Every structure is written in C-alpha cells, then in structure tokens.
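Taking it in order: structure first as structure tokens, then the write-up.
Protein chains: 2
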Amino acid sequence: MQQPEPRPQSFDRVLSSMCTEPHPAARAAAERFLATNPGDPATYETVASLEERAVERLATLADHPSPSDAAGYVTSGGTEANVQAVRSARNRHDRSDVNVVVPESAHFSFTKAAEVLGVELRTVPVDDAYRADTAAVAAAVDDATALVVGVAGSTEYGRVDPIPELAAIADEAGARLHVDAAWGGFVLPFTDHAWSFGDAAVDTLTVDPHKFGQAPVPAGGLLARDDAALDALAVDTPYLESRSQATLTGTRSGAGVAGAVAAMDELWPAGYREAAERAADNAAWLAEGLADRGYEVVEPELPLVAAAVPEPEFAALRDAGWKVSRTGADELRVVCMPHVTRSALRAFLDDLDRVRR
Amino acid sequence: MQQPEPRPQSFDRVLSSMCTEPHPAARAAAERFLATNPGDPATYETVASLEERAVERLATLADHPSPSDAAGYVTSGGTEANVQAVRSARNRHDRSDVNVVVPESAHFSFTKAAEVLGVELRTVPVDDAYRADTAAVAAAVDDATALVVGVAGSTEYGRVDPIPELAAIADEAGARLHVDAAWGGFVLPFTDHAWSFGDAAVDTLTVDPHKFGQAPVPAGGLLARDDAALDALAVDTPYLESRSQATLTGTRSGAGVAGAVAAMDELWPAGYREAAERAADNAAWLAEGLADRGYEVVEPELPLVAAAVPEPEFAALRDAGWKVSRTGADELRVVCMPHVTRSALRAFLDDLDRVRR
Numbered sequence: 001m002q003q004p005e006p007r008p009q010s011f012d013r014v015l016s017s018m019c020t021e022p023h024p025a026a027r028a029a030a031e032r033f034l035a036t037n038p039g040d041p042a043t044y045e046t047v048a049s050l051e052e053r054a055v056e057r058l059a060t061l062a063d064h065p066s067p068s069d070a071a072g073y074v075t076s077g078g079t080e081a082n083v084q085a086v087r088s089a090r091n092r093h094d095r096s097d098v099n100v101v102v103p104e105s106a107h108f109s110f111t112k113a114a115e116v117l118g119v120e121l122r123t124v125p126v127d128d129a130y131r132a133d134t135a136a137v138a139a140a141v142d143d144a145t146a147l148v149v150g151v152a153g154s155t156e157y158g159r160v161d162p163i164p165e166l167a168a169i170a171d172e173a174g175a176r177l178h179v180d181a182a183w184g185g186f187v188l189p190f191t192d193h194a195w196s197f198g199d200a201a202v203d204t205l206t207v208d209p210h211k212f213g214q215a216p217v218p219a220g221g222l223l224a225r226d227d228a229a230l231d232a233l234a235v236d237t238p239y240l241e242s243r244s245q246a247t248l249t250g251t252r253s254g255a256g257v258a259g260a261v262a263a264m265d266e267l268w269p270a271g272y273r274e275a276a277e278r279a280a281d282n283a284a285w286l287a288e289g290l291a292d293r294g295y296e297v298v299e300p301e302l303p304l305v306a307a308a309v310p311e312p313e314f315a316a317l318r319d320a321g322w323k324v325s326r327t328g329a330d331e332l333r334v335v336c337m338p339h340v341t342r343s344a345l346r347a348f349l350d351d352l353d354r355v356r357r
Numbered sequence: 001m002q003q004p005e006p007r008p009q010s011f012d013r014v015l016s017s018m019c020t021e022p023h024p025a026a027r028a029a030a031e032r033f034l035a036t037n038p039g040d041p042a043t044y045e046t047v048a049s050l051e052e053r054a055v056e057r058l059a060t061l062a063d064h065p066s067p068s069d070a071a072g073y074v075t076s077g078g079t080e081a082n083v084q085a086v087r088s089a090r091n092r093h094d095r096s097d098v099n100v101v102v103p104e105s106a107h108f109s110f111t112k113a114a115e116v117l118g119v120e121l122r123t124v125p126v127d128d129a130y131r132a133d134t135a136a137v138a139a140a141v142d143d144a145t146a147l148v149v150g151v152a153g154s155t156e157y158g159r160v161d162p163i164p165e166l167a168a169i170a171d172e173a174g175a176r177l178h179v180d181a182a183w184g185g186f187v188l189p190f191t192d193h194a195w196s197f198g199d200a201a202v203d204t205l206t207v208d209p210h211k212f213g214q215a216p217v218p219a220g221g222l223l224a225r226d227d228a229a230l231d232a233l234a235v236d237t238p239y240l241e242s243r244s245q246a247t248l249t250g251t252r253s254g255a256g257v258a259g260a261v262a263a264m265d266e267l268w269p270a271g272y273r274e275a276a277e278r279a280a281d282n283a284a285w286l287a288e289g290l291a292d293r294g295y296e297v298v299e300p301e302l303p304l305v306a307a308a309v310p311e312p313e314f315a316a317l318r319d320a321g322w323k324v325s326r327t328g329a330d331e332l333r334v335v336c337m338p339h340v341t342r343s344a345l346r347a348f349l350d351d352l353d354r355v356r357r
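So the protein sequences, as listed, match chains Z and B.
Just so we're aligned: the first sequence equals residues 1 to 357 in UniProt numbering.
Just so we're aligned: the second sequence equals residues 1 to 357 in UniProt numbering.
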C-alpha cells in the first residue's frame, strides 16, 4: 500500500527555532554532497577541502587575526562544538578534577558536556541585564578551572556577555576562554558588541552556519585560535588513510559542510548584514507590538524577543499552529530568524489579539 | 568572480568507504527534510514522528522481541551510537571507576568514547579467526565492568564476534552487552550469524542506516532493548517544548532521519537481501581474484576483503584514483558496498595487474 509521502511543515509559523530555511545556493550544494563524509578525508577529498574553506570563512567572520591559521571543523551543531571546547580545555589542564564556570544563561549543552566529560559545572548568576555577572565569575574560578564560558547571544534572551572582562578573569586564573556564539555569530559582526577573536583573548568559539548562517542542518562550527586546542582532542584512526580524528562524531555530514560554504560564499558579508538588519527591525517591531498590548517585554538586544505572555494565551497560540517556546521564567520567546517575515509577525499578533479576548 | 561549482567525486572508484550511494527514494526524502531538526521535536513534529518509525524499523531488523517497545534514536553515525552506549552503561553502573571490555577488533570510536567519558578501556585479543577471544573477555571482566562490547561486522575484516557467549559473560559479571553492528546490521539478517536482540541478551546495539542501509549521511542508529538505557542519558531541555534530551548532539539531521525511513520503507527486506547477496558474491569474486594472483587473502565472512598487497602496489592503485585503505596490519582493504559493481572490481584488478608488473 502506498503511504502518503511525508513532508516537513512549512516555516511560515515557526517562531521557536534557531534554525532557518537554507539559502537556495546552500540547499543546492547540500543536495550535491548528500553522500559524502568529511570524517573520511582521504576518501572524500573534495568535501575535505571545502571544510578547510568553511573554517577559514568562519574564522574571518569571527575576526581571527590570521584566518588561515585558525583551527576548527564543521560540527553537527552547537552542542558538539560546546562539548568539544569543554573536552579540549579539560584535556589541556594539568589537574584531573577540573571545573568549568558558566553563567546561568549558558545553553544546556554545557550541562550535557559536564555530565558526559565528568567535569564539575559551576553555574554563576547573571546580572540585571541577563549577562554573566563578572564578580560572580571571578569568585567562582580557582586553580582547577579549565574553562570560563561567555555567551554571545544567549538562547533565552539573546544577550552578549562581557567577553573581554571574562577573558581577563580566565587569563588570571590560568583557564581558557570559550565563547558560545552558536546563534549570535552571524549577526554580531554587524553590531558593536565585543565577542570575537579580535576583541579578546578567546581560545575557542562556537558559531553555527545552520543558524543565522542560513546553511542546512547539520552545520555547526567549532573554531580555535590555534591547532593546540584541536590536537588535544585527537585519537588515532586506523582503517582511514588520514592520521587522526579530533571530532566528537566520526562520520559527518558533507551536505552540511558544502551547504555552509555555499551560504557563506553567497552571503558574506553583505547578505548577512542585510539579514541581520531585517531581523533586528522585526524584533524591535514585535517587541513594540507586545508592549503596546500591555505585556512585559525583555528588550531585544539581538533578534530575539521574550515577553510575559500568560500560559492560556501561549497554549492557544500553539493550538493555532504557531511554533513558539518558553524561557525558563515561562515567558513567550520568539526568535526572529531570516524566515520570519514582518507579515508572519503581523498575523501572529492578530492571532494573539484573537486568543486573548 | 564566479568560482567553479564544487562537485563530489563519483563513487566509481570508492572501495574504502563504509558509506554508499543513497537509494534514490532516500535521497529525495533527505532533500525534502534538509531544513528540519529532530533535536527540537516540538517545533519539527513531522520529522520527530518519522524518527519513531525509523527506530521501530531498525528494531524489527535487529529482531527486537517487541519493536514498538525498543528505545533508540537516529544518531550522526556509529561513533555517536557507540559513545552513547558506553555512556549509558557508565551512568547505570553503581561504581564510578568503571571499565569497558572490547576486543581489539573494535572500532576506534571506543577509544574515543573511553577518552571522552573517562572510563578505562580494556582491550582484549581476538582469536585466530579475528573474533573476540571469549576466554580473554572472561578474564578481563570484573565488578567494575559496566559494558562488554561485541562486534558484528568488524571494520577491518568484517568478522562477527560470538555474541551469545559474550552476553553470558557480561551477564555473569553484572555488565551490559553492546553489539556494534554499525556496518553489518543491514547484512546480518540475511546470514546465519547470531548477533541481534533476538539471538542474545543484548542491551544496546549500533546499526547505521547510512552504511549498508543505503540512507544518506548522517544517519546512524542507536537501539536499546528498553527505555532505561536512554533514560540514563537524559538532560533537561529548557527553551525546547520537549522535556529532555538523551542524544549526544543537540541539533540533528532531519535529512538523515527522513532518508533512513525512506530507504527502509523501500528496501526492507527484499531489497536489502538482494544487495547483501550481490555484495557477498562480489566479495567472494574479488577474494578469489586476489588469491589467484598470489596475494594472501583474509577470507571474507561479510562483504569485506583484506589482502596482503604490498605498499608500492597499494600506492600505485591510489595514484590511479582508487580509494582504498589499509588494515592495521597494512593489508589492502576493500569494502564491497552496494555501489561497488562487478565491473568496477574487474577494472580494479586490471589496474592491479598493470601496476604490479
């Protein structure tokens, strides 16, 4: 019996995802490379060289002083990149009982990393602006701190931690500094925030092409200032003609790599600037619309709006087909990705008006 | 300036990969789902339900007594599945200083797992037939053994360990049993080997659709007899409307999930049987051709041929464009995947004849 062909939902009402519709050039490239594996570079040489290009382009975007010297690879996503940054810092530290200091705004992948890797996670509060409290970070670090994490574009409120101050604290403690710019990385170059290799003594950085980079899933990115961070992750690889493997996963997606390169070739920097500005405008417009309706709104800093919309209205919006999600404080959360248009947001507010009557 | 559009190499001369050309239906499904993320099931509902179907089909293939009760998910590949099996066993064991017992034929992902997870890896020898030496395994296990690993289709020689015997040893030691059938899983149902949930007290099992399953990369598979194995991996997930996440990666490939389901819908079981039989015939034919030329051949048990071809000939074959790789003992290794045709093998032997003159 012929089953109906499954189709993904359209992005029209997706306001909860940090992924987006890939750029058409990125989609086409991904389709060409669906059957390749950058995890086996001696067999799949073309995609292996595309991955080098991806890393260099990501390093350019993240203002690395010498992009061709940056180390890194295209991960399955931000979680893998964050886990690997913690693993690298753990492996490079002298002590075996290391800890990692993260603000409470950090993504849950750091909880996962700590559990997987057997390191202590020290979670410190954020300040009134939802940014890492530097005094709390300074109080939390000690001789066993392998890594301090700063978030550049937090998952809940899109906030950017004071990266240079965190770098100074990490340096003082003999720890590495990791910046999680998984979502923010393709927007931040067009803002005044200090977040990059060029702005501070950042050791490793997560930046995901499959989020604001408009690449297809899966295409995350781990960058490191130099090779040592990745060398600390390498295990020997028999049966592959390549020598060793620093990635967490083995087989990896050539579609993601090729898609990421195609998106960056096409959009860096003008296309990304335009997308970032449009998203910022949309976020400001939505924040104003929600405030006008009397909701308490967390002012957007990057294109992400949170507002205290009560549970019955939230549930009714989901019933109406809107994919929305909540912050830890149960606020409604809307991520203004490139696929989120002004007219979609207008329809969303219309539906909100309808359900709150 | 317009750059030439990068294209992947053709599979014509790829004899080294455990991945293959996806089935056309699988490719089409993957293309439709390129922009979905099964890691966020409340946003991407269609692909989340496809993943349930993938797990049930994999459990059917792996002879689970009740496929709809099997737990599991579509991983990025065999490495993630193996790492997660070790992590689950570690987390479920009473002691904190656990060890994992693997035959030396186990994939290097277990070395990676041990390093990442901070568990001791006890590597034991194989017997004359390249299969786990059960006496050595029995001698290696102790109260701190969380997991015994059996390989069902080894990477180097395609050998199947004595899974029921390993299960008995694991049971006796209070350890779990994991079967790595990443590559072999889609071939073994058409052989007499004992390898599955139905054949022994297997707790977890790796079986990759993107290998002999003819799904596009990335589509690995982790299966567990019941939910407890996955529950031991769960971390809380704020911002996602789903409750928790048991996967190692966060964002995952919807293309891989949809591609795997489409391939299995299309090929299970008749298409896979046919592919397995053709591959076996090709491997036997190649082994005979190599033996006829005087090379020492490791007799193929599954469709993988190893032969003592000296380094200069190996290098000349690679120079001629053949993607081949080597075993740890420096033998030439040819994986007879579905894309490897008899005429390609004929051309390969012709080239071998040319280069060894």
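Quick reminder that beta carbons are idealized off the backbone N, C-alpha and C, glycines included.
If you're wondering where the values come from, they're calculated on a predicted model, not measured in any experiment.
Item to check | Nearest candidate by alpha-carbon position, reference methionine 18 (chain Z), set Z:Glu313, Z:Ala232, Z:Gly185 and Z:Gly328 | outcome: Here residue 18 (chain Z) refers to the residue found at position 18 when the first sequence is read from its first residue. Closest option to methionine 18 (chain Z), Cα to Cα, is Z:Gly185.
Item to check | Residues of the segment 100 to 128 of chain Z whose Cβ lies closer than 7 Å to any Cβ of chain B, in chain order | outcome: Phe108, Ser109, Thr111, Lys112, Glu115, Val116, Leu117 and Gly118
Item to check | Selected residue, minimal CA-CA separation from valine 119 (chain Z), among Z:Gly150, Z:Val83, Z:Phe11 and Z:Ala106 | outcome: The residue labelled residue 119 (chain Z) in the question sits at position 119 within the first sequence. Minimum Cα distance to valine 119 (chain Z) is reached at Z:Val83.
Item to check | Contact test: aspartate 133 (chain B) Cβ vs the ligand PLP heavy atom, cutoff 7 Å | outcome: Questions concerning the ligand PLP fall outside what the structure shown contains, since it holds no ligand whatsoever.
Checklist entry - What number of angstroms, rounded off, separates the C-alpha of glycine 328 (chain Z) from the C-alpha of tyrosine 157 (chain Z)? => result Sequence index remark: in the first sequence, residue 328 (chain Z) carries index 328 (1-based). Sequence index remark: in the first sequence, residue 157 (chain Z) carries index 157 (1-based). C-alpha separation (whole angstroms): 11 Å.
Item to check | Sub-8 Å separation of tyrosine 73 (chain B) and threonine 204 (chain B) beta-carbons | outcome: Along the second sequence, one-based indexing puts residue 73 (chain B) at 73. Along the second sequence, one-based indexing puts residue 204 (chain B) at 204. Against a cut-off of 8 Å, the Cβ pair of threonine 204 (chain B) and tyrosine 73 (chain B) comes out as no contact.
Checklist entry - In chain order, what residues of the same chain have a beta carbon less than 7 Å from the beta carbon of serine 109 (chain B), not counting five sequence neighbours either side? => result Translated into the one-based positions of the second sequence, residue 109 (chain B) becomes position 109. Counting only Cβ-Cβ distances below 7 Å, and skipping sequence neighbours, we find Gly78, Thr79, Asn82 and Val83.
Checklist entry - Which residues share a DSSP beta bridge with glutamate 266 (chain Z)? => result To locate residue 266 (chain Z), count along the first sequence from 1; it is residue 266. Partner(s): none; glutamate 266 (chain Z) has no beta bridge.
Checklist entry - Using a Cβ-Cβ distance under 8 Å, would serine 343 (chain B) count as near chain Z? => result What you label residue 343 (chain B) is simply residue 343 of the second sequence in a count that begins at 1. No, serine 343 (chain B) lies away from the interface with chain Z (no Cβ there is under 8 Å from its Cβ).
Next on the checklist: For a test of the three-state rule: what should DSSP assign to arginine 326 (chain Z), helix, strand or coil?
Outcome noted: The count along the first sequence starts at 1 and reaches residue 326 (chain Z) at position 326. If DSSP states are grouped into helix, strand and coil, arginine 326 (chain Z) belongs with the strands.
Checklist entry - When you compare each of B:Ala234, B:Ser343 and B:Gly220 to serine 88 (chain B) by their alpha carbons, which one comes out closest? => result Here residue 88 (chain B) corresponds to residue number 88 of the second sequence, with the count starting at 1. That would be B:Ala234, whose Cα lies nearest to the Cα of serine 88 (chain B).
Next on the checklist: Distance cutoff 8 Å, beta carbons only. Does valine 340 (chain B) sit that close to anything in chain Z?
Outcome noted: Residue mapping note: residue 340 (chain B) aligns to position 340 of the second sequence, counting from 1. Not an interface residue.
Next on the checklist: Strictly under 8 Å for the Cβ-Cβ distance: is phenylalanine 186 (chain B) near chain Z by that measure?
Outcome noted: Here residue 186 (chain B) is taken as the residue at index 186 of the second sequence, counted from 1. Chain Z contact via Cβ: absent.
Next on the checklist: What does the alpha-carbon distance come out to for the pair valine 334 (chain Z) and serine 105 (chain Z)?
Outcome noted: Sequence index remark: in the first sequence, residue 334 (chain Z) carries index 334 (1-based). Sequence index remark: in the first sequence, residue 105 (chain Z) carries index 105 (1-based). Each residue's alpha carbon lies about 17 Å from the other.
Checklist entry - Does the beta carbon of proline 6 (chain Z) sit closer than 8 Å to a beta carbon anywhere in chain B? => result Residue numbering aside, residue 6 (chain Z) sits at position 6 when the first sequence is read from its first letter. Yes, proline 6 (chain Z) lies at the interface with chain B (some Cβ there is under 8 Å from its Cβ).
Next on the checklist: Comparing C-alpha positions only, which one of B:His93, B:Ala175, B:Gly150 and B:Leu290 sits nearest to aspartate 199 (chain B)?
Outcome noted: In the second sequence, residue 199 (chain B) corresponds to position 199, counting from 1. Considering only alpha carbons, the answer is B:Gly150.
Checklist entry - chain Z beta carbons: is any one of them nearer than 8 Å to that of alanine 275 (chain B)? => result In the second sequence, counting from the first residue as 1, residue 275 (chain B) sits at position 275. So, not an interface residue.
Next on the checklist: Within 10 Å of its beta-carbon, does glycine 321 (chain B) have 16 or more other beta-carbons around it, so buried, or fewer, so exposed?
Outcome noted: In the second sequence, the residue the question calls residue 321 (chain B) occupies position 321. Exposed, by the Cβ-count rule.
Checklist entry - Taking 8 Å as the CB-CB cut-off, is phenylalanine 212 (chain Z) touching chain B? => result Translated into positions along the first sequence, residue 212 (chain Z) becomes position 212. No, its Cβ sits nowhere closer than 8 Å to a Cβ of chain B.
Next on the checklist: Just to make sure I have the definition right: I need the residues of chain B whose C-beta is within less than 9 Å of the C-beta of phenylalanine 50 (chain Z). Which are they?
Outcome noted: Stepping through the first sequence from its first residue, residue 50 (chain Z) is reached at position 50. Position check: residue 50 (chain Z) holds leucine in this sequence, whereas phenylalanine was assumed. Chain B residues near leucine 50 (chain Z): Pro6.
Checklist entry - Is the CB of glycine 254 (chain B) under 8 Å away from at least one CB in chain Z? => result The residue labelled residue 254 (chain B) in the question sits at position 254 within the second sequence. Yes, because at least one Cβ of chain Z sits closer than 8 Å to the Cβ of glycine 254 (chain B).
Checklist entry - Mind pulling the chain B residues with CB within less than 7 Å of phenylalanine 33 (chain Z)? => result By one-based count along the first sequence, residue 33 (chain Z) stands at place 33. Result: Pro8.
Item to check | Inter-residue spacing [alpha-carbon to alpha-carbon] between arginine 7 (chain Z) and serine 49 (chain B) | outcome: Looking up residue 7 (chain Z) in the first sequence gives position 7. Looking up residue 49 (chain B) in the second sequence gives position 49. Each residue's Cα considered, the two are about 11 Å apart.
Checklist entry - Taking C-beta to C-beta, are methionine 264 (chain B) and glycine 213 (chain B) nearer than 8 Å? => result Indexing the second sequence from 1 puts residue 264 (chain B) at position 264. Indexing the second sequence from 1 puts residue 213 (chain B) at position 213. Their beta carbons are under 8 Å apart, which means methionine 264 (chain B) touches glycine 213 (chain B) by this criterion.
Checklist entry - Between the C-alpha atoms of valine 254 (chain Z) and arginine 354 (chain Z), what's the straight-line distance to the nearest angstrom? => result On the first sequence, position 254 is the one that residue 254 (chain Z) refers to. On the first sequence, position 354 is the one that residue 354 (chain Z) refers to. For the record, residue 254 (chain Z) in the displayed sequence is glycine; it is not valine. The alpha-carbon atoms of glycine 254 (chain Z) and arginine 354 (chain Z) are separated by roughly 45 Å.
Checklist entry - What does glutamate 331 (chain Z) reach in chain B if we use C-beta pairs closer than 9 Å? => result For the purposes of this step, residue 331 (chain Z) is identified with residue 331 of the first sequence, where counting begins at 1. Those within 9 Å of glutamate 331 (chain Z) in chain B number zero; the least Cβ separation is about 11 Å.
Checklist entry - What residues of chain Z sit near tyrosine 130 (chain B), judged by a beta carbon separation below 7 Å? => result The residue labelled residue 130 (chain B) in the question sits at position 130 within the second sequence. Per Cβ cutoff of 7 Å: no residues; tyrosine 130 (chain B) is ~14 Å from chain Z at best.
Checklist entry - Would you say arginine 13 (chain Z) faces chain B, with C-beta separation under 8 Å as the test? => result On the first sequence, residue 13 (chain Z) is found 13 positions in, with the first residue counted as 1. So no, arginine 13 (chain Z) is outside the interface.
Next on the checklist: Quick check: is the beta carbon of alanine 30 (chain Z) nearer than 8 Å to any beta carbon in chain B?
Outcome noted: As a first step, residue 30 (chain Z) is located in the first sequence; it is residue number 30 there, counting from the start. So, interface residue.
Checklist entry - Mind checking arginine 225 (chain Z): buried by the 16 CB within 10 Å criterion, or exposed? => result Indexing the first sequence from 1 puts residue 225 (chain Z) at position 225. Flag for arginine 225 (chain Z) reads buried.
Checklist entry - Does DSSP put alanine 167 (chain Z) in a helix, in a strand, or in coil? => result Counted from its first residue, the first sequence places residue 167 (chain Z) at position 167. In this structure, alanine 167 (chain Z) counts as helix in the three-state DSSP scheme.
Item to check | Alpha-carbon spacing of alanine 140 (chain B) relative to alanine 25 (chain Z), whole angstroms | outcome: What you label residue 140 (chain B) is simply residue 140 of the second sequence in a count that begins at 1. What you label residue 25 (chain Z) is simply residue 25 of the first sequence in a count that begins at 1. The straight-line gap from Cα to Cα measures roughly 54 Å.
Checklist entry - Any residues in the segment 190 to 215 of chain Z with a beta carbon nearer than 9 Å to a beta carbon of chain B? Which ones, in chain order? => result Asp208, His210 and Lys211
Next on the checklist: With distance defined between alpha-carbon atoms, name the residue in B:Arg176, B:Asp12, B:Val14 and B:His23 nearest to alanine 275 (chain B).
Outcome noted: Locating residue 275 (chain B) in the second sequence gives position 275, where the first residue counts as 1. Here the closest residue by C-alpha is B:His23.
Checklist entry - Any idea what DSSP makes of residue 359 (chain Z), helix, strand or coil? => result Limits of chain Z in this structure are 1 at one end and 357 at the other, which puts residue 359 (chain Z) out of reach.
Checklist entry - Does any C-beta atom of chain Z lie closer than 8 Å to the C-beta of glycine 221 (chain B)? => result Your numbering for residue 221 (chain B) matches position 221 in the second sequence. Answer no: the Cβ-Cβ gap between glycine 221 (chain B) and chain Z never drops below 8 Å.
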